[in-house]
Structures are given as C-alpha cells and as structure tokens.
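Written out below as structure tokens is the structure these notes cover.
2 protein chains.
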Amino acid sequence: MRFRIDIRRKEGLSDPEGLTTLTALQNLGYSAVTDTHFGRTIYLDMDGDDAAAASEEVESMCRRLLANPVIEDFDIEVVG
Amino acid sequence: MRFRIDIRRKEGLSDPEGLTTLTALQNLGYSAVTDTHFGRTIYLDMDGDDAAAASEEVESMCRRLLANPVIEDFDIEVVG
Numbered sequence: 001m002r003f004r005i006d007i008r009r010k011e012g013l014s015d016p017e018g019l020t021t022l023t024a025l026q027n028l029g030y031s032a033v034t035d036t037h038f039g040r041t042i043y044l045d046m047d048g049d050d051a052a053a054a055s056e057e058v059e060s061m062c063r064r065l066l067a068n069p070v071i072e073d074f075d076i077e078v079v080g
Numbered sequence: 081m082r083f084r085i086d087i088r089r090k091e092g093l094s095d096p097e098g099l100t101t102l103t104a105l106q107n108l109g110y111s112a113v114t115d116t117h118f119g120r121t122i123y124l125d126m127d128g129d130d131a132a133a134a135s136e137e138v139e140s141m142c143r144r145l146l147a148n149p150v151i152e153d154f155d156i157e158v159v160g
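Here it is in structure tokens:
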C-alpha cells in the first residue's frame, strides 16, 4: 500500500522559499505568477491490507516525526 | 488559477533523505513501513483564464527554474 503525505505550512505563516521563487520567476519574465508556496511530499510504502489501520499509523508518524504540527498542516492519501 | 507541481527524483536515483527517514521510522517501531521517498510540491497562483497557455508557461518555469530535469520528474496539475 502506498501513501502520499502532503505537508505545507499553515495559512498565514511566512514562506521565504516561496517569496524568493516568486521574485525569481517574475525576474525571468513570468509576470502572470501572483503567488508561490512550497510544500513537501512524502511517499510511504507499507506492508499490510488494512487501509484504515495503516492510515492511522501514518497519521501517528506525521505527528511524531514527519511533520511539525505546530506550523504545518498535512493531508494523507492512499495512492496505490 | 492555481497549479500544483509535484517534483520528485527520477526512479533509480538514490534518495538519502528517504532512507534516513525510513530508518528513523523503523527505529520508532513502525515496522510495516518498507520504503520512503521525498518530493517537493510547489503551488503557483497565476492570473489569466487560458488554462492551456498557463499550463505551458508553468512547464517552461519547471524546466528553467523550479525543477532539475536531469535528475527530477515533475507533474503539473490544475487545482483551483
């Protein structure tokens, strides 16, 4: 079973990487771009057939290690 | 219009961040995890209504600045 975890900063927190990229894109002439945000994606392959149990385990991994719940939101999705 | 760009290493290339995370998860007791890969996600907000033209522009941004086509694959998706 493969999970995809999308991690991004909570709304309202500054995203310096996104701001720098926005400036760089506009300097390259891409003037239609109005905003840029960065996030991280983690793909996890897991043994087992119980999707609900695995999903709970992935959420626990996010809280304990993969994401920083203070400043980040995450979404978990089964992708295969 | 909002685009989501998923960038990840091409198949077969080593992913040291993923390997380290896999070891850390297994050390924390998550023994069902068999593999871990990292990727980056970039959200771009763009002006304009022509989705096809904007999509081509985003692909050009990826090739010129956002991704490294030598070692990375990317997917572009309209998300809003």
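Heads up: the sequence lines are chains A and B, in that order.
Here this note's numbering is used: position 46 in the first sequence is 46, and no number is missing along the way.
So this note's numbering is basically just the index in the second sequence, starting at one, shifted up by 80.
From the three backbone atoms N, C-alpha and C, an ideal C-beta is built for every residue, glycine too.
In this text the structure is predicted, and so the values were computed from the model without any measurement.
Residue i burial status per 10 Å Cβ neighbour count (16 or more: buried)
{"i": "residue 136(B)", "result": "exposed"}
{"i": "residue 71(A)", "result": "exposed"}
{"i": "residue 25(A)", "result": "buried"}
{"i": "residue 128(B)", "result": "exposed"}
CB contact flag (residue i, residue j, <8 angstroms)
{"i": "residue 144(B)", "j": "residue 28(A)", "result": "yes"}
{"i": "residue 116(B)", "j": "residue 101(B)", "result": "yes"}
{"i": "residue 118(B)", "j": "residue 91(B)", "result": "no"}
Residues of its chain near residue i, where Cβ-Cβ distance is below 8 angstroms and the 5 sequence neighbours each way are ignored
{"i": "residue 138(B)", "result": "83, 85, 124, 126, 156"}
{"i": "residue 103(B)", "result": "none"}
{"i": "residue 146(B)", "result": "85, 87, 122, 154"}
{"i": "residue 93(B)", "result": "151"}
{"i": "residue 160(B)", "result": "81, 82"}
{"i": "residue 99(B)", "result": "116"}
Neighbourhood of residue i by C-beta, 7 angstroms cutoff - its chain only, sequence neighbours within 5 removed
{"i": "residue 131(B)", "result": "81, 158"}
{"i": "residue 134(B)", "result": "81, 126, 128"}
{"i": "residue 9(A)", "result": "15, 71, 72"}
{"i": "residue 149(B)", "result": "143"}
Does the region 57-77 of chain A come within contact of the region 1-12 of chain A, defined as at least 3 CB pairs closer than 8 angstroms?
Result yes; three or more Cβ-Cβ pairs closer than 8 angstroms.
Just by C-beta distance, which residues in the region 24-46 of chain A are closer than 8 angstroms to chain B?
Along the region 24-46 of chain A, the positions whose C-beta sits under 8 angstroms from a C-beta of chain B are 24, 25, 28, 30, 32, 33, 34, 35, 36, 37, 38, 39, 40, 41, 42, 43, 44, 45, 46, read in chain order.
With 8 angstroms as the C-beta to C-beta threshold (strictly closer), list the residues of the region 4-17 of chain A near chain B in chain order.
Taking 8 angstroms as the Cβ-Cβ cut-off against chain B, the residues of the region 4-17 of chain A that qualify are 6, 8.
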